[in-house]
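K.L.:
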Amino acid sequence: METNSHNITLLGTGLIGVFYAMSLHGQRGRDRIKVVYSRSMERASQFAGDWQIPHACTDMDEAIEHPETDVVIVALPNHLHLETVLKAAKAGKSILCTKPLGRTAAEALQMLKAVEEAGVFQGYLEDLCYTPKTLKALQSVKNGALGKVLWTRSREAHPGPHSEWFWDVEKSGGGAMIDLACHCVEIGRNFIGKDIRPIEVMCWAATQVKPIEAEDNAIALIKYENGAISQFEVSWTYRGGMDLRDEVAGVEGVIRLDHFLRTGFEVYTATGEKGYVAEKAESATGWLFPVGDEVNALGYPHMFTDMFESMDQEKAPMETFYDGYIVNAILDACYASAKSKQWELVKLEVWRGRNDVSADTSKAEYDVDHYLMKTELLPDGRTKTVIKHKQTGKLREVIS
Ligand SMILES: NC(=O)c1ccc[n+]([C@@H]2O[C@H](COP(=O)([O-])OP(=O)(O)OC[C@H]3O[C@@H](n4cnc5c(N)ncnc54)[C@H](O)[C@@H]3O)[C@@H](O)[C@H]2O)c1
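Using numbering that gives the first Met the number 0, the letters of the sequence shown correspond one by one to residues 0 to 399.
1) Measuring straight from C-alpha to C-alpha, what distance separates serine 162 and proline 131?
2) Below 8 Å between beta carbons: does that hold for glutamate 125 and histidine 182?
3) From the DSSP output, which residues share a beta bridge with alanine 55?
4) How is glutamine 390 classed by DSSP in three states: helix, strand or coil?
5) Please confirm whether any heavy atom of ligand 1 lies closer than 7 Å to the CB of asparagine 327.
6) Check this for me: beta carbons of threonine 68 and tyrosine 36, under 8 Å apart or not?
7) Taking the alpha-carbon positions, what's the glutamate 308 to glutamate 185 distance?
8) In the DSSP assignment, find the alpha helix (DSSP H) that holds asparagine 295 and state where it starts and stops.
9) Got a sec: does ligand 1 put a non-hydrogen atom nearer than 7 Å to the Cβ of histidine 157?
10) Asparagine 354: buried (16+ other C-beta within 10 angstroms of its C-beta) or exposed?
11) Could you tell me which of Ile398, Trp150, Leu330 and Ala219 sits nearest to glycine 192, measuring between CA atoms?
12) Using 8 Å as the threshold, is the C-beta distance between isoleucine 211 and glutamate 232 below it?
13) Check for me: the alpha helix (DSSP H) holding isoleucine 195 runs from which residue to which?
14) Have a look at alanine 144 and lysine 389 and give me their C-alpha separation to the nearest angstrom.
15) Could you say if the region 76 to 92 and the region 297 to 315 meet the contact criterion of at least three C-beta pairs nearer than 8 Å?
16) Mapping DSSP to helix, strand and coil, what is isoleucine 211?
17) Would you say lysine 98 touches ligand 1, meaning its beta carbon is less than 7 Å from a heavy atom?
18) Could you tell me whether the region 6 to 18 touches the region 26 to 36, using the rule of 3 or more Cβ pairs below 8 Å?
19) Does the count of Cβ pairs from the region 358 to 376 and the region 218 to 230 closer than 8 Å reach three?
20) Report the CB separation of leucine 100 from tyrosine 267 in whole angstroms; it is logged as a contact under 8 Å.
21) In terms of DSSP beta bridges, what is valine 233 paired with?
22) Check whether the Cβ of aspartate 178 lies closer than 7 Å to any heavy atom of ligand 1, and answer yes or no.
23) Report all residues from its chain with a CB closer than 6 Å to the CB of valine 326; omit the five preceding and five following residues, and keep chain order.
24) Have a look at the DSSP bridge pairing and note the partners of serine 93.
25) Using the rule of at least 16 other Cβ atoms within 10 Å of the residue's Cβ for burial, across every protein chain shown, is proline 316 buried or exposed?
26) Aspartate 292 to arginine 381, Cα distance in whole Å?
27) With 16 other CB atoms within 10 Å as the buried threshold, where does serine 339 fall?
28) Which of helix, strand or coil does DSSP assign to threonine 262?
29) With three or more C-beta pairs closer than 8 Å as the rule, is the region 266 to 280 touching the region 232 to 250?
30) Quick check on DSSP: helix, strand or coil for methionine 21?
31) On the criterion of 16 or more Cβ atoms from any shown chain inside 10 Å, does isoleucine 63 qualify as buried, or is it exposed?
32) Measuring from the CB of isoleucine 398, is there a heavy atom of ligand 1 at a distance below 7 Å?
33) In this structure, how does DSSP classify threonine 270 when only helix, strand and coil are distinguished?
34) Assuming valine 114 contacts lysine 92 (C-beta within less than 8 Å), just tell me the rounded distance between them.
Following this line, the structure appears as structure tokens:
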């Protein structure tokens, strides 16, 4: 296989810019950031020095069009994604954009159309679909370990974001939901099947604590055409660190994932270690829950590997702008439902998945005449089996 290397323009030097630089330059990778853009030269130069990046600049156009780079990574606040993606598409660069793709589905669709018209490579940087645990769990689901997936639950909750723009609904496009549920929605889609159409949503969202116009807490149910339901829970006011958990339940099994606060690494310190513990950690003393390799645990290296290998093989990566658009459309419906207090349809101007799906479930057979309801070993050692006659519907117990 041909092994190209890529030269990257990184737009943004905030929290996600740092995680991306740690992922790309932290190990002996061959893809390098060659140009970094930040609003202040002081920050751009400091970042460039930290990560051995040859060019630092404060001119966005110059950064995007820089002749030494072939890839642009958008790591800027949400209100700048559309504008920068359009510029990068015009410059003919491969584009990787962080989550959420847009503030709305309309913005995301504009981006999708622009990159497809320009014919450039594009990827949606949805790292939480690439955590090693998630990738392994997805493979188990694909291998049939759970049978048909019926329900997914994804939870992202923390004490609130670290920069002013997140709290400004104009810039972010919403609150905890646009910021965190974009991850949860896409995790659910991956487990249920990305070709299964999301139909409608029911959402509760509220501003319970913070003095903001947007929601600081939300819960939603997303119904899929095959009958599966995907649930998310998000919070910007959850105390004690960042809670990242997923559950998947199928006819034949379940998977439970804990990505952060409980990863099997627990520290008690009376004195503290006087430094960073983990993203959104609230304390540095007492019981601490660090993450051994945070960048890896959150999926960034696997995500970039998929992006650059897909680029080289001229194929679509696992997460694309189209996926980002579907996520935005689901979130638009969630916002509408939170307002109307009704189930709201997911409006998809573009749908590339299946249209032939029904919600039928297959029923387990006991024998030719009966369905098997349940078998259980009782405390006294007997086994009880509940069966149902296919024609009469009569229920019966068989003890053995
Ligand atoms: N897991 C993830 O994938 C993940 C995690 C965090 C953030 N993000 C996403 O990354 C993006 C940036 O978030 P962040 O946490 O790095 O934010 P941040 O506030 O830490 O950094 C934002 C960067 O953009 C720059 N910036 C801010 N306003 C600007 C403006 N008006 N013009 C030009 N530059 C401006 C800042 O100087 C900074 O370099 C957001 O879209 C966010 O949703 C993704």
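Glycine included, C-beta positions come from ideal geometry on N, C-alpha and C.
P.N.:
The short version:
1) 28 Å
2) yes
3) Val35
4) coil
5) no
6) no
7) 21 Å
8) From DSSP, the alpha helix (DSSP H) with asparagine 295 extends over 293 to 296.
9) no
10) exposed
11) Of the listed residues, the one whose Cα sits closest to glycine 192 is Trp150.
12) Not a contact, by the Cβ cut-off of 8 Å.
13) Segment: none, isoleucine 195 is in no alpha helix (DSSP H) and carries neither H nor E.
14) 27 Å
15) no
16) Correct three-state label for isoleucine 211: coil.
17) yes
18) Yes: at least three Cβ pairs fall under 8 Å.
19) Enough Cβ pairs lie closer than 8 Å, so yes.
20) About 41 Å; that fails the 8 Å criterion.
21) The partner list for valine 233 (beta bridge, DSSP) reads Glu155 and Ala217.
22) A distance criterion of 7 Å places the beta-carbon of aspartate 178 in contact range of ligand 1, judged by its closest non-hydrogen atom.
23) Cys181, Val184 and Glu185
24) Val70
25) With 16 or more Cβ atoms within 10 Å of its Cβ, proline 316 is classed as buried.
26) Going by the C-alpha atoms only, they are around 49 Å apart.
27) By the neighbour-count definition (other C-beta atoms within 10 Å, threshold 16), serine 339 is an exposed residue.
28) coil
29) Touching, yes.
30) In the three-state reduction of the DSSP assignment, methionine 21 falls in the helix class.
31) Counting Cβ neighbours within 10 Å, isoleucine 63 comes out buried, since at least 16 surround it.
32) Distances taken from the Cβ of isoleucine 398 to the heavy atoms of ligand 1 include none shorter than 7 Å.
33) coil
34) 10 Å between Cβ atoms; not a contact.
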